Structure formats: C-alpha cells, structure tokens
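Take a look at the structure below.
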Amino acid sequence: MRIKSVTVFVAVLLVAAAIPAAASAATTLDVNVEQDDATGEVLVDVTNNGTAVENATVNVTSEAGYVGNGTYQTDANGSVTLAQPEDTQNITVTATDDNLSAETTVQIVGDNDLTVDVAQADDGTVSIGVERNDTAVANATVNVSVSNDSYAATGNYTTDENGTVELDAPEENVSVTVTVSEGDDTTTKTVDLVAPEASLDLSVEQTTGVEVSLEHGDEAVENATVDVTSDGNYSGTGTYETDADGTVSLPAPTENVTITVTATADNDTVSETVDLTTEFVEEEKNFGQAVNSFIEALRAAGFNGPPGLVISDFATENNPGNADDAPGQEKKHSDDEANETAADDDKRGPPEHAKKGKKDKNNEKKAGNGSDNADKNDAKPDKDESEDESEDSEEEREDDDSEQGPPENANAGGGANANGNANAGGSVTVGVDANINVNSGN
Numbered sequence: 001m002r003i004k005s006v007t008v009f010v011a012v013l014l015v016a017a018a019i020p021a022a023a024s025a026a027t028t029l030d031v032n033v034e035q036d037d038a039t040g041e042v043l044v045d046v047t048n049n050g051t052a053v054e055n056a057t058v059n060v061t062s063e064a065g066y067v068g069n070g071t072y073q074t075d076a077n078g079s080v081t082l083a084q085p086e087d088t089q090n091i092t093v094t095a096t097d098d099n100l101s102a103e104t105t106v107q108i109v110g111d112n113d114l115t116v117d118v119a120q121a122d123d124g125t126v127s128i129g130v131e132r133n134d135t136a137v138a139n140a141t142v143n144v145s146v147s148n149d150s151y152a153a154t155g156n157y158t159t160d161e162n163g164t165v166e167l168d169a170p171e172e173n174v175s176v177t178v179t180v181s182e183g184d185d186t187t188t189k190t191v192d193l194v195a196p197e198a199s200l201d202l203s204v205e206q207t208t209g210v211e212v213s214l215e216h217g218d219e220a221v222e223n224a225t226v227d228v229t230s231d232g233n234y235s236g237t238g239t240y241e242t243d244a245d246g247t248v249s250l251p252a253p254t255e256n257v258t259i260t261v262t263a264t265a266d267n268d269t270v271s272e273t274v275d276l277t278t279e280f281v282e283e284e285k286n287f288g289q290a291v292n293s294f295i296e297a298l299r300a301a302g303f304n305g306p307p308g309l310v311i312s313d314f315a316t317e318n319n320p321g322n323a324d325d326a327p328g329q330e331k332k333h334s335d336d337e338a339n340e341t342a343a344d345d346d347k348r349g350p351p352e353h354a355k356k357g358k359k360d361k362n363n364e365k366k367a368g369n370g371s372d373n374a375d376k377n378d379a380k381p382d383k384d385e386s387e388d389e390s391e392d393s394e395e396e397r398e399d400d401d402s403e404q405g406p407p408e409n410a411n412a413g414g415g416a417n418a419n420g421n422a423n424a425g426g427s428v429t430v431g432v433d434a435n436i437n438v439n440s441g442n
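Here full-length UniProt numbering is used: the first residue of the sequence shown is 1, the next is one more, and so on.
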C-alpha cells in the first residue's frame, strides 16, 4: 500500500511538471512628452501599463541641434527632464525597457519665440496675451478667425502695452484660431470658446411710484416671481408676477424705507436692494397744490387772455421731474438767482414808453388848456362845438386805452402770489422757486 501511494504521488508530480507554464500578462510601454508653459522645461514620462518605469532608457534626437539631444535614464518616477530649446522645433523621444520600446515626436517651444495665451472669463469675454521670454509683447499683430461667420469678433488686432487683446463674448460656442505675428516670428493657437448663458437683469426705479423690470438678455420676462421685502413700513411688500412687459408696479412709499426685490425665473434668481424716499412724493403733492394756486392767482389778477399756454409753461417749468435738484437734472438756477428774479419782478413797474405816453397826454392836455385860455378873448366856441369836441376826445382816449397795454415782459404794477393775494395789476408770482409774469390785458 505504501509503494502504491508513492507511485501515485510521483505520477501526479510528473503530470504537473508536464503542464506548460501560464503565459505572462501582456505588457505595453508608453512614452509621453509635455512642456511646462511657465518654465519651458520638457518632461518625459515612461510607463508600463500605467506604472512608472524606473531606469528605462530615453533617447532624444532633433534635426535642429537641440541642446537636450542625448541618452538618459528615467528616475524613480519614470521621468526625464529636458531643457527648453532656444528655438521652437520638433524632437523625437524613444524609450526602451526589457526589449520593449515606444517612440513619439512632439513640437517644443523655444524660449526666444512668441507665446500666445487665450483665456475666457466667466462672463464670456476673451483675453489674448502675447509674450516673448515671459515679457509682454506690445504692438504684435493678432488675427482671429473662425471657419464660419459665427463670431463677431473675428478680424485683426494689435496688442496693447500689456501685450493683450480683449474680445467680446461669443453668442454661441465656437472654435477660433488665433495667429500672432511680431517681427519674423509667428505662432498660432486654436481654442474653443463657450457662449455665456444669458442672465436675468433686474432694475428697480422710483418715480411717482416704484417700477420693477426684469429682462433675460434683451427680452422681457413674463410671469416671473417677484418678492418684495422692506426694513420698514411699506405697503408694497409681498409676492408678485411680472406682466407681458416683464414689469411689476409698486406703490409709492409713505416713509423712507429700504426694500429688497428678488426675481426668480427658470431656476435663475437675481436680487437688488434700493432706497425709496418720500421726497419725490412730497414734490408731486406740492406741485399739484402750486398749479391750483397759480390758476387761482391768474383769476385774482384779472387775467383775461387764453390761460392754457401760460399754465402749460408753468407746469413744464416747475414739474418735479424737471426740477433743478431732481435726479438726472442739472441745476439750472441757484436759489440766489431765483430770489433776485423775484425781487426784480416785484420792483418792475410800467415800461418807460408807457409812462411817457401818459406824461405826453398830460402835457398835451395842459398845452391845450393854455391855448384855450390864450384864445379866450379872440374866439369862444359854441356850446354844440364844445360838446362835439368832448365826445371826440373821449373816443380817442378809449381807442388809445384799447391799443395801449403793458408789453409781454412788463409788470403792470400789481401782482398776485401763490397764496392768492392778488393786486389789480398783471404780474403773477407763484412759489416752487419760479417767477412768472403774466399780462392781465388791463
């Protein structure tokens, strides 16, 4: 029994020895070459099935007399570092290890050549930077081109003193080719630009009330949700929806408050905080009162001309939206100038020719009386003739009075103010920092 067992055991061993060894896993050698944009150094990496290969042989050759030409051994990281060439050129790198080999040819940029960098900001704008030896290159020619007309910023540009060119954001995703020339050097880079997504644009403006406007790009956003909160007592707080014009109208404040308006549409949200004031509301209220007082003052002054144009001029001149201190308006007159104008209006009397006309009539009357006295002994007119002459004289005075009135810019000696205190003349002076002279026609 023991011998049989041994025999079986030996047979098993012989069978096991007769079985061929399993084939070893396949191996692949790879070589990768990259250049550091910051330092210009060239890094060679050798891997076997993704694992770094130490002590692999690396051979570097080029046709341009590259200073890095030669044979190297990879370090523990499977890497070899090569110097940057003076001029841009192609190099061939061959790696070998355990009868395995890999080869690649790449272009490396020289340190005396132009380099171009294209960067895109979050808002989609594009910045092109041109350098030589890490120094910005001014006045370099930059050509931007695309395969179609999908980018409005295509064309030729010149770098500024910082070696840069700024371009607008594209309206759609596009691949652009940037070609830079300076002196005898030219370099080209192709990049993909991404069109930014249009964002919500919220505006809040106060006039007599408060208007909220919401746009997406250049289009009004309808049915967007608008939430209004405030730090004080404001009746406009709450939740609204924009109309077809993308707007929401809010009431005027009754006190100075700060409100926060938040608009939401298509999972996008935008917010704005603004200060609301009652100043404009008070101006509107005072303006309405001033117009009513002005109309009453016209009546009190006996103004008998068409009032429409005069009232319209007053309203245009004194509307708070046109006031000197209204937002967006330049100050037209100082308070001192307004006071001086009012003082001049109060002092202004009938024009000189009006006074002269009255004085001449008095002189003529006196002269007439003197002549009548001188001729009293020579001839005494009949009673009928005297009555006729008196009637003619009265008609002439009425004609003269109808033709003679104060000129448009004259104060006839009286006035009325916004408080309704009217004199018999034709000057009307109303508050709200405005002085308006009106001819009564009397």
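In this text, a Cβ means the ideal position worked out from N, Cα and C, and glycines have one as well. Keep in mind the model is a prediction, meaning the values are calculated, not measured.
### Query
In chain order, what residues of the same chain have a beta carbon less than 8 Å from the beta carbon of ASN112, not counting five sequence neighbours either side?
Taking the sequence shown and counting its residues from 1, the one referred to as residue 112 is at position 112. Excluding residues within five positions, the ones whose Cβ falls inside 8 Å are GLU86, ASP87, ARG132 and ASN133.
### VAL137 (DSSP reduced to helix, strand or coil)
By one-based count along the sequence shown, residue 137 stands at place 137. Three-state DSSP puts VAL137 in coil, outside helix and strand.
### Task
Within the same chain, show all residues whose beta-carbon is closer than 6 Å to that of VAL261, passing over the 5 residues directly before and after it, in chain order.
Walking along the sequence shown from the start, residue 261 turns up at place 261. These residues qualify, in order along the chain: VAL204, VAL212, VAL228 and GLU272.
### Message
Let me check understanding here. Comparing Cα to Cα, which of THR105, ASP168, ASP201 and VAL176 lies closest to GLU34?
### Response
Reading the sequence shown from its first residue, position 34 is the one you call residue 34. The shortest C-alpha separation from GLU34 is found at THR105.
### Segment contact, 8 Å Cβ cut-off, at least three pairs: the stretch 159 to 177 with the stretch 125 to 144
yes
### Task
Count the other C-beta atoms from every protein chain shown that fall within 10 angstroms of the C-beta of LEU200, then say buried if there are 16 or more, exposed otherwise.
Against the sequence shown, residue 200 aligns to sequence position 200. With 16 or more other Cβ atoms within 10 Å, it is buried.
### Query
With a cut-off of 8 Å, do at least 3 Cβ pairs link the stretch 253 to 260 to the stretch 229 to 237?
Taking 8 Å as the limit for Cβ pairs, the verdict is that the stretch 229 to 237 does touch the stretch 253 to 260.
### Task
Leaving out five residues on either side along the sequence, give the residues of the same chain with a beta carbon under 8 Å from the beta carbon of ALA56.
The sequence position of residue 56 within the sequence shown is 56, counting from 1. Taking C-beta separations shorter than 8 Å and ignoring five residues to either side along the sequence, the partners of ALA56 in its chain run LEU29, VAL46, GLN73, THR74, GLY78, ALA95, THR96 and ASP97, following chain order.
### Task
Could you tell me if SER312 is buried or exposed, where buried requires 16 or more neighbouring beta carbons within 10 angstroms of its beta carbon?
The count along the sequence shown starts at 1 and reaches residue 312 at position 312. SER312 should be labelled exposed.
### Message
Short of 6 Å in beta carbon distance, which residues of its chain neighbour THR61, apart from the five on each side in sequence? Order them along the chain.
### Response
Along the sequence shown, one-based indexing puts residue 61 at 61. For THR61, where only same-chain residues beyond five positions count, the Cβ hits under 6 Å are ASN69 and THR92.
### Query
When you compare only the Cα positions, how much space is there between ARG299 and GLU279?
Within the sequence shown, numbered from 1, the residue matching residue 299 stands at position 299. Within the sequence shown, numbered from 1, the residue matching residue 279 stands at position 279. The straight-line gap from Cα to Cα measures roughly 31 Å.
### Query
What residues in its chain sit with their C-beta under 8 Å from that of LEU43, if we drop five residues either side in the sequence?
For this step, residue 43 is matched to residue 43 along the sequence shown. Excluding residues within five positions, the ones whose Cβ falls inside 8 Å are VAL33, GLU34, GLN35, ASP36, SER79, VAL80, THR81 and LEU82.
### Query
For the beta strand (DSSP E) that contains VAL248, what are its first and last residues?
As a position in the sequence shown, residue 248 is number 248, starting the count at 1. 247 to 250 is the span of the beta strand (DSSP E), which, as asked, contains VAL248.
### Nearest neighbour of GLN89, chosen from SER101, ALA64 and LEU100 [CA to CA]
Residue 89 sits at position 89 when you count from the first residue of the sequence shown. Among SER101, ALA64 and LEU100, the Cα nearest to that of GLN89 is on ALA64.
### Message
On the DSSP letters alone, give me the boundaries of the beta strand (DSSP E) that ALA263 sits inside.
### Response
Counting from 1 along the sequence shown, the entry for residue 263 is found at position 263. ALA263 -> beta strand (DSSP E) spans 257 to 265.
### Message
With a threshold of 6 Å on Cβ separation, who are the neighbours of SER181 within its own chain once the five nearest residues in sequence on each side are excluded?
### Response
For the purposes of this step, residue 181 is taken as the residue at position 181 of the sequence shown. Answer for SER181: THR141, listed in chain order.
### Query
Is DSSP giving ASP201 helix, strand or coil here?
Translated into the one-based positions of the sequence shown, residue 201 becomes position 201. For ASP201, the secondary structure class from DSSP, reduced to helix, strand or coil, is strand.
#### Entry: From ALA102, ASP243, VAL67 and THR186, residue whose alpha carbon lies closest to that of ASN143
Reading the sequence shown from its first residue, position 143 is the one you call residue 143. Among ALA102, ASP243, VAL67 and THR186, the Cα nearest to that of ASN143 is on THR186.
### Query
Leaving out five residues before and five after VAL248 in sequence, what residues of the same chain have Cβ atoms less than 7 Å from its Cβ?
Here residue 248 refers to the residue found at position 248 of the sequence shown. So the qualifying residues of the chain are VAL212, VAL226, TYR240 and THR242.
### Task
Express the C-alpha separation of GLY302 and GLU296 in angstroms, rounding to a whole number.
The residue given as residue 296 occupies position 296 in the sequence shown. The residue given as residue 302 occupies position 302 in the sequence shown. Distance between the alpha carbons of GLU296 and GLY302 is about 10 Å.
### Limits of the unbroken beta strand (DSSP E) element including VAL116
Stepping through the sequence shown from its first residue, residue 116 is reached at position 116. Unbroken beta strand (DSSP E) run through VAL116: 114 to 120.
### Query
Cα separation between GLN206 and THR277?
Here residue 206 corresponds to residue number 206 of the sequence shown, with the count starting at 1. Here residue 277 corresponds to residue number 277 of the sequence shown, with the count starting at 1. Distance between the alpha carbons of GLN206 and THR277: 8 Å.
### Message
Using the three-state DSSP reduction, which class does VAL58 fall into: helix, strand or coil?
### Response
Start at 1 with the first residue of the sequence shown, and residue 58 comes out as number 58. When secondary structure is reduced to three states using DSSP, VAL58 falls in the strand class.
### Task
Could you tell me if SER293 is buried or exposed, where buried requires 16 or more neighbouring beta carbons within 10 angstroms of its beta carbon?
On the sequence shown, residue 293 is found 293 positions in, with the first residue counted as 1. When all chains shown are included, SER293 counts as buried.
### Sequence-distant residues of its chain with Cβ nearer than 7 Å to ASP245 (five each side left out)
Stepping through the sequence shown from its first residue, residue 245 is reached at position 245. The answer, listed in chain order, is ALA220.
### Task
Could you pull out every residue in the same chain whose Cβ sits closer than 7 Å to the Cβ of THR27, ignoring the five residues on either side in sequence?
Looking up residue 27 in the sequence shown gives position 27. Scanning its chain for C-beta atoms nearer than 7 Å, with the 5 sequence neighbours on each side dropped, one finds around THR27 the residues ASN48, ASN49 and LEU100, in chain order.
### Query
For the stretch 119 to 192, which segments carrying the beta strand (DSSP E) assignment without a break, of at least 3 residues, lie completely within its bounds, in sequence order?
126 to 132, 141 to 146, 155 to 158, 164 to 167 and 174 to 182
### Task
Pick helix, strand or coil for ASP98, following the three-state DSSP scheme.
On the sequence shown, position 98 is the one that residue 98 refers to. ASP98 falls in the coil class under three-state DSSP.
### Query
What is the DSSP secondary structure of VAL310, reduced to helix, strand or coil?
As a first step, residue 310 is located in the sequence shown; it is residue number 310 there, counting from the start. Three-state result, VAL310: helix.
### Task
Check ALA220 in the structure and name its three-state DSSP category.
Locating residue 220 in the sequence shown gives position 220, counting from the first residue. Looking at ALA220 - three-state DSSP - the assignment turns out to be strand.
### Residues sharing a beta bridge with SER293, DSSP
What you label residue 293 is simply residue 293 of the sequence shown in a count that begins at 1. Paired residues: none, contrary to the question.
### Query
Can you tell me whether LEU309 is buried or exposed, with buried defined as 16 or more other CB within 10 angstroms of its CB?
As a position in the sequence shown, residue 309 is number 309, starting the count at 1. Exposed, by the Cβ-count rule.
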